[in-house]
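Residue numbers (this note's numbering), protein chains in the order written: chain A, 450 to 567; chain B, 239 to 354.
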């Protein structure tokens, strides 16, 4: 079973509109972290936002917010007031603590391509 | 620039040749990760180090792949006898240590490998 599922291969939005990118995850560990990364066409992975499993409030970072619904195991990214520069691939990822103190690497979804038009 | 750096940025090689990539992490980060990303997919974990110790290797890391981090600073990833299926972007990331789930991984710009 996939650990991270992103069901939207592509999303289209106009400038200044809000957009929600979906992410569901699967883990049996009560302690985990959820991340969203942006990957523009240049290739670098840019960290956007983090949500810990024990965080009571939804994470926010500027125009980015994470709609965390723990019971549904979803961690959707909401981008408000889209800009042309938001056009990129967006990846949801999860990190579990793992069996050792070293933890585990990130597990990524397949990504969603966001296209913002003027 | 104090971010993660990777060298080279692009590598074109012929099938059967060996290639080596280098990653320089953020200086105070003791964890270093290697990922591979093929076109249209998310990054897939290959291996990671805590200081100089290689703590985990993915099943994706065949015996043609070897990674080192000799002094706990920079790391190298070598692919021997390259195959066309090795063509991908190889990403390096670093983070602080600790068992907490939150340790943001900072990614380098990647090395794009093309095997002809």
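Backbone N, C-alpha and C define an ideal beta-carbon position, used for all residues, glycine too.
Notebook entry, point to check: Exposed or buried, residue 540/A, counting other C-beta atoms within 10 Å across all chains shown (16 or more means buried)?
Noted result: buried
Next item on the list: Return the bridge partner residues of residue 292/B from the DSSP annotation.
Entry: 287/B
Checklist line | Three-state secondary structure (DSSP) of residue 334/B | finding: coil
Margin query: Between which residues of its own chain and residue 559/A is the CB-CB distance below 7 Å, once the five residues before and five after are set aside?
Written below: 455
Item checked: Within chain B, partners of residue 558/A - CB distance below 7 Å -> 280
Margin query: Quick check on the burial criterion: 16 or more other C-beta atoms within 10 angstroms. Buried or exposed for residue 525/A?
Written below: buried
Check: How should residue 322/B be labelled, buried or exposed, when 16 other C-beta atoms within 10 angstroms of its C-beta is the threshold for buried?
Finding: exposed
Notebook entry, point to check: From the beta carbon of residue 499/A, is the nearest beta carbon of chain B less than 9 Å away?
Noted result: yes
Note to self: Between the alpha carbons of residue 268/B and residue 310/B, how many angstroms are there, rounded?
What the structure shows: 7 Å
Item checked: Three CB pairs or more closer than 8 Å across the stretch 251–266 of chain B and the stretch 490–501 of chain A -> no
Notebook entry, point to check: Which residues in the same chain have their Cβ closer than 8 Å to the Cβ of residue 514/A, if we skip the five residues on either side of it in sequence?
Noted result: 498, 507, 508, 526, 527, 529
Checklist line | Alpha-carbon spacing of residue 242/B relative to residue 274/B, whole angstroms | finding: 16 Å
Notebook entry, point to check: With distances taken from CA atoms, which of 479/A, 474/A, 496/A, 478/A is nearest residue 332/B?
Noted result: Here the closest residue by C-alpha is 496/A.
Item checked: Other residues of its chain near residue 462/A: CB distance less than 6 Å, five sequence neighbours each side excluded -> 468, 531, 565
Checklist line | Coil, strand or helix - residue 535/A by DSSP | finding: Of the three classes helix, strand and coil, the one that applies to residue 535/A here is helix, per DSSP.
Notebook entry, point to check: Does the distance from the C-beta atom of residue 563/A to that of residue 543/A stay below 9 Å?
Noted result: No.
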